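Number of protein chains: 2
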Amino acid sequence: MAGRADSSKTAESSDKVSVICRALRRAIIEQALEPGAKLPEDALGERFGVSRTIARHALGQLAAEGLVELRRNRIAVVATPSWQEARDAFDIRIELERLVVRQLAGKLTKAQIAELNAHVDAEDRARDGTDAVSIRLATEFHILLAHMTNSPILVRYVSEVAYRCCLTLSLYSRPHSSECAINEHRAIIAALAKGDVDKVMALMHSHLDSVATRALVAPSPQRGRDLLDILAPYADEATGEKVVKLTKAARR
Amino acid sequence: MAGRADSSKTAESSDKVSVICRALRRAIIEQALEPGAKLPEDALGERFGVSRTIARHALGQLAAEGLVELRRNRIAVVATPSWQEARDAFDIRIELERLVVRQLAGKLTKAQIAELNAHVDAEDRARDGTDAVSIRLATEFHILLAHMTNSPILVRYVSEVAYRCCLTLSLYSRPHSSECAINEHRAIIAALAKGDVDKVMALMHSHLDSVATRALVAPSPQRGRDLLDILAPYADEATGEKVVKLTKAARR
DNA sequence: GTAGCTCAAACTGCATGCAATTCGAGCGCC
DNA sequence: GGCGCTCGAATTGCATGCAGTTTGAGCTAC
Chain F
0 MAGRADSSKT AESSDKVSVI CRALRRAIIE QALEPGAKLP EDALGERFGV SRTIARHALG
60 QLAAEGLVEL RRNRIAVVAT PSWQEARDAF DIRIELERLV VRQLAGKLTK AQIAELNAHV
120 DAEDRARDGT DAVSIRLATE FHILLAHMTN SPILVRYVSE VAYRCCLTLS LYSRPHSSEC
180 AINEHRAIIA ALAKGDVDKV MALMHSHLDS VATRALVAPS PQRGRDLLDI LAPYADEATG
240 EKVVKLTKAA RR
Chain L
0 MAGRADSSKT AESSDKVSVI CRALRRAIIE QALEPGAKLP EDALGERFGV SRTIARHALG
60 QLAAEGLVEL RRNRIAVVAT PSWQEARDAF DIRIELERLV VRQLAGKLTK AQIAELNAHV
120 DAEDRARDGT DAVSIRLATE FHILLAHMTN SPILVRYVSE VAYRCCLTLS LYSRPHSSEC
180 AINEHRAIIA ALAKGDVDKV MALMHSHLDS VATRALVAPS PQRGRDLLDI LAPYADEATG
240 EKVVKLTKAA RR
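Line by line, the protein sequences give chains F and L.
The first sequence runs 0 to 251 under numbering that gives the first Met the number 0.
The second sequence runs 0 to 251 under numbering that gives the first Met the number 0.
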């Protein structure tokens with residue numbers, strides 16, 4: 000483990016761009032910006048005190064991470080992953096995080112274990128707060144683990160895919176229940192400290208899998224990608240007043 | 000498998016930027032641009048008939064993929080992964096590609112199997128050509144597999160990490176031997192067609208692992224990240240004429 | 001001949017400006 | 001009242017320009 004460089008930032012070019020990226024990333028995963036929210040370059044630039052050029056660059060980076068959708072000549076929007084993409088993201092995440100804990104099991108210092116425990120404590124305290132903050136903290140626990148591998152590539156991929164999953168959670172799982180997740184985090188820390196590779200990998204697997212299935216109970220066409228898809232089943236009953244109202248409300 | 004969108008391009012915003020990205024990506028993995036090669040924005044812009052703004056944006060994307068290193072106020076250079084980063088990339092790649100074949104085993108259409116075989120045939124024909132082309136084709140085989148999962152996220156990650164590994168190969172393994180790889184590819188196709196999940200996962204694992212170990216035989220300080228490191232052992236013998244010549248030659 | 005210094009050229013960081021495209025409010029038609 | 005159309009405002013795509021930083025070639029001193 001010794002001898003590994005600590006080059007924390009993988010890309011994140013210049014300061015101004017990365018500041019905007021971080022801010023937007025956080026806003027997105029805390030649901031301050033919902034999926035589908037518009038992100039005009041002008042507005043971003045003005046808000047962060049930079050030119051459009053920089054805001055544009057930041058949007059490009061976030062698009063590369065899958066948090067933002069960029070279509071030519073159109074306003075950038077916060078990504079709205081489909082149900083299938085969400086499931087794929089979780090599948091990938093499971094494999095990546097199993098790799099993380101495999102590398103980490105039995106190799107954590109006491110200081111690192113303390114840091115992990117402190118983080119989970121913070122998660123615990125945040126249970127009273129908003130769901131958004133709980134979700135963010137839970138996600139950051141996983142990213143913290145990834146950091147401890149000292150593998151910049153792994154950190155990047157785990158972060159990215161975790162953020163994507165975060166986005167999904169905010170889309171598909173309305174009543175988020177993070178209580179159980181906290182206990183699962185504690186169990187993972189314990190198994191890591193004990194150095195039981197197989198057990199910690201299994202724990203991580205089931206943890207993530209249960210988060211995924213809690214969220215993605217069913218293909219859930221509600222809240223799906225496209226309004227038209229949502230309304231398709233109603234189309235048969237034609238001109239129902241409710242349907243019309245819905246389109247108007249949603250269009251705004 | 001049905002019902003999955005075919006949205007091939009994940010980010011790759013506007014045309015001009017993505018054209019440059021693709022060109023550079025290919026140049027890098029074919030070693031036309033060696034690790035460490037300078038990539039000035041002006042020159043790129045001029046070469047591709049666009050402004051610096053666009054070239055810059057493209058470099059940003061490639062940096063996000065890990066193919067390019069971007070340091071503030073400095074000329075962008077083709078990334079030079081450390082040995083440890085290379086090993087990490089392969090570890091991640093193994094997990095991701097095991098996931099690919101797990102999803103694919105027994106689910107490929109005849110047309111897809113034919114496509115895969117055709118690709119391997121192309122690899123076979125390319126054995127006479129340059130190493131660079133062989134490496135590229137071998138890499139593209141894996142990306143082709145990823146595409147068949149119809150999972151854009153998986154495609155993106157596999158592509159990225161495969162390109163990174165390509166870069167590594169060009170750094171650390173001078174005499175590339177791709178002959179065996181071709182047979183391994185054929186074996187994987189066969190196992191996929193047969194639908195033997197466990198076998199194909201094991202095959203993919205050993206295939207990638209052997210590629211990695213063939214390349215990364217030892218931490219190999221030669222050809223490493225920094226000239227100074229390479230020369231350190233020679234420093235003791237002081238003022239040897241040879242050493243001086245080396246520095247001059249490399250500096251150009 | 002070597003080491004250190006200086007300064008101009010090269011390059012990046014960023015903002016601004018213009019053309020092309022999209023968006024959406026308002027208007028006429030059914 | 002609802003639907004489609006049209007045109008101005010909003011927005012993106014991209015190039016260019018200016019300021020600050022790095023680079024390295026040439027010069028000087030030893």
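Where a beta carbon is used, it is the ideal one built from N, C-alpha and C, also for glycine.
These numbers were taken from a predicted model, which means no experiment stands behind them.
Item                                                                                                                                                                                       : Value
Jot down the residue ranges of each uninterrupted beta strand (DSSP E) in the segment 75 to 140 of chain F, minimum 3 residues, whole runs only, in chain order.                           : 75 to 77
Within this structure, are the beta carbons of serine 54 of chain F and leucine 43 of chain F separated by less than 8 angstroms?                                                          : Residue identity check: residue 54 of chain F is alanine in the sequence provided, not serine. Contact: yes.
If we define contact as Cβ-Cβ less than 8 angstroms, is glutamate 96 of chain F a contact residue for chain L?                                                                             : no
I need the DSSP call for valine 67 of chain F, collapsed to helix, strand or coil.                                                                                                         : strand
Can you tell me which residues form a DSSP beta bridge with leucine 38 of chain L?                                                                                                         : L:Ala75
Just how far apart, CA to CA, sit aspartate 123 of chain L and glutamine 111 of chain L?                                                                                                   : 18 angstroms
Would you please state the rounded distance, in angstroms, between the beta carbons of alanine 186 of chain L and leucine 202 of chain L? I believe it to be under 8 angstroms.            : 6 angstroms
Please report whether the beta-carbon of lysine 150 of chain L lies at a distance below 8 angstroms from any beta-carbon of chain F.                                                       : Reading the sequence as shown, one finds serine at residue 150 of chain L and not lysine. Chain F, which has a Cβ nearer than 8 angstroms to the Cβ of serine 150 of chain L, makes this yes.
State the start and end residues of the unbroken alpha helix (DSSP H) segment that holds serine 17 of chain L.                                                                             : 14 to 28
Can aspartate 90 of chain L and leucine 98 of chain F be called in contact, C-beta distance under 8 angstroms?                                                                             : yes
In whole angstroms, give me the CA-to-CA distance for alanine 190 of chain F and aspartate 87 of chain L.                                                                                  : 23 angstroms
Helix, strand or coil for alanine 31 of chain L per DSSP?                                                                                                                                  : coil
Rounded to whole angstroms, what's the CA-CA distance from alanine 10 of chain F to isoleucine 152 of chain L? Just pull it up for me.                                                     : Residue confidence for alanine 10 of chain F is low, a pLDDT of 49 falling below 50, so the modelled location carries little weight and cannot support an answer.
Distance check for serine 209 of chain L and glutamate 40 of chain L, CA to CA, integer angstroms please.                                                                                  : 38 angstroms
Anything in the segment 71 to 92 of chain F with a Cβ closer than 8 angstroms to a Cβ of chain L? List those residues in chain order, please.                                              : Arg71, Ser81, Gln83, Glu84, Asp87, Ala88, Asp90 and Ile91
Under 8 angstroms between the Cβ atoms of alanine 78 of chain F and leucine 66 of chain F?                                                                                                 : yes
Once you ignore the five residues that flank arginine 163 of chain F on each side, which residues in its own chain have a CB closer than 6 angstroms to its CB?                            : Gly65 and Ala88
For glycine 44 of chain F, which three-state DSSP category applies?                                                                                                                        : helix
Could you check what DSSP says for valine 210 of chain L in three-state terms: helix, strand or coil?                                                                                      : helix
So, is the C-beta of tyrosine 162 of chain F closer than 8 angstroms to a C-beta in chain L?                                                                                               : no
Residue range of the alpha helix (DSSP H) that threonine 167 of chain F falls in?                                                                                                          : 151 to 171
Below 8 angstroms on the Cβ atoms is my contact criterion, and I expect alanine 145 of chain L with leucine 136 of chain L to pass it. Report the Cβ-Cβ distance as a whole number of Å.   : Between leucine 136 of chain L and alanine 145 of chain L the Cβ distance is about 15 angstroms, and since that is not below 8 angstroms, they are no contact.
Give the straight-line distance between the Cα atoms of arginine 51 of chain F and glutamine 60 of chain F, rounded to the nearest whole angstrom.                                         : 14 angstroms
Just tell me which of F:Leu107, F:Asp130, F:Lys193 and F:Asn182 has its CA closest to the CA of asparagine 149 of chain F.                                                                 : F:Leu107
So which residues of chain F does leucine 153 of chain L contact, with C-beta pairs closer than 7 angstroms?                                                                               : Asp87 and Ile91
Considering only their Cβ atoms, is the gap separating glutamate 94 of chain F from leucine 95 of chain L smaller than 8 angstroms?                                                        : yes
Under 8 angstroms, do glycine 105 of chain F and glycine 194 of chain F count as touching if we go by C-beta distance?                                                                     : yes
Which whole-angstrom value is the C-beta distance of leucine 168 of chain L and proline 34 of chain L, which I expect to be below 8 angstroms?                                             : Going by Cβ atoms, the distance from leucine 168 of chain L to proline 34 of chain L rounds to 11 angstroms, so no, they are not a contact pair.
Check each candidate in L:Glu84, L:Trp82 and L:Val132 and name the one with the smallest Cα separation from alanine 330 of chain L.                                                        : Here chain L comprises residues numbered 0 to 251, so residue 330 of chain L is not present and cannot be evaluated.
Starting from the Cα of arginine 73 of chain F, find the closest Cα among F:Glu84, F:His56, F:Ala57 and F:Leu38 and give me that residue.                                                  : F:Leu38
Could you compute how far the alpha carbon of arginine 213 of chain F sits from the alpha carbon of valine 196 of chain L?                                                                 : 27 angstroms
Beta-carbon within less than 7 angstroms of arginine 101 of chain L's beta-carbon, same chain only, minus the 5 sequence neighbours each way: which residues are those?                    : Val196 and Met200
What three-state label does DSSP hand valine 199 of chain L in the structure shown?                                                                                                        : helix
Assuming the contact rule is C-beta atoms closer than 8 angstroms, isoleucine 28 of chain F and isoleucine 181 of chain F should be a hit. Round their C-beta distance to whole Å, please. : The pair is not a contact, with the Cβ atoms about 18 angstroms apart (cut-off 8 angstroms).
How many Å lie between serine 81 of chain L and glutamate 68 of chain L at the Cα?                                                                                                         : 12 angstroms
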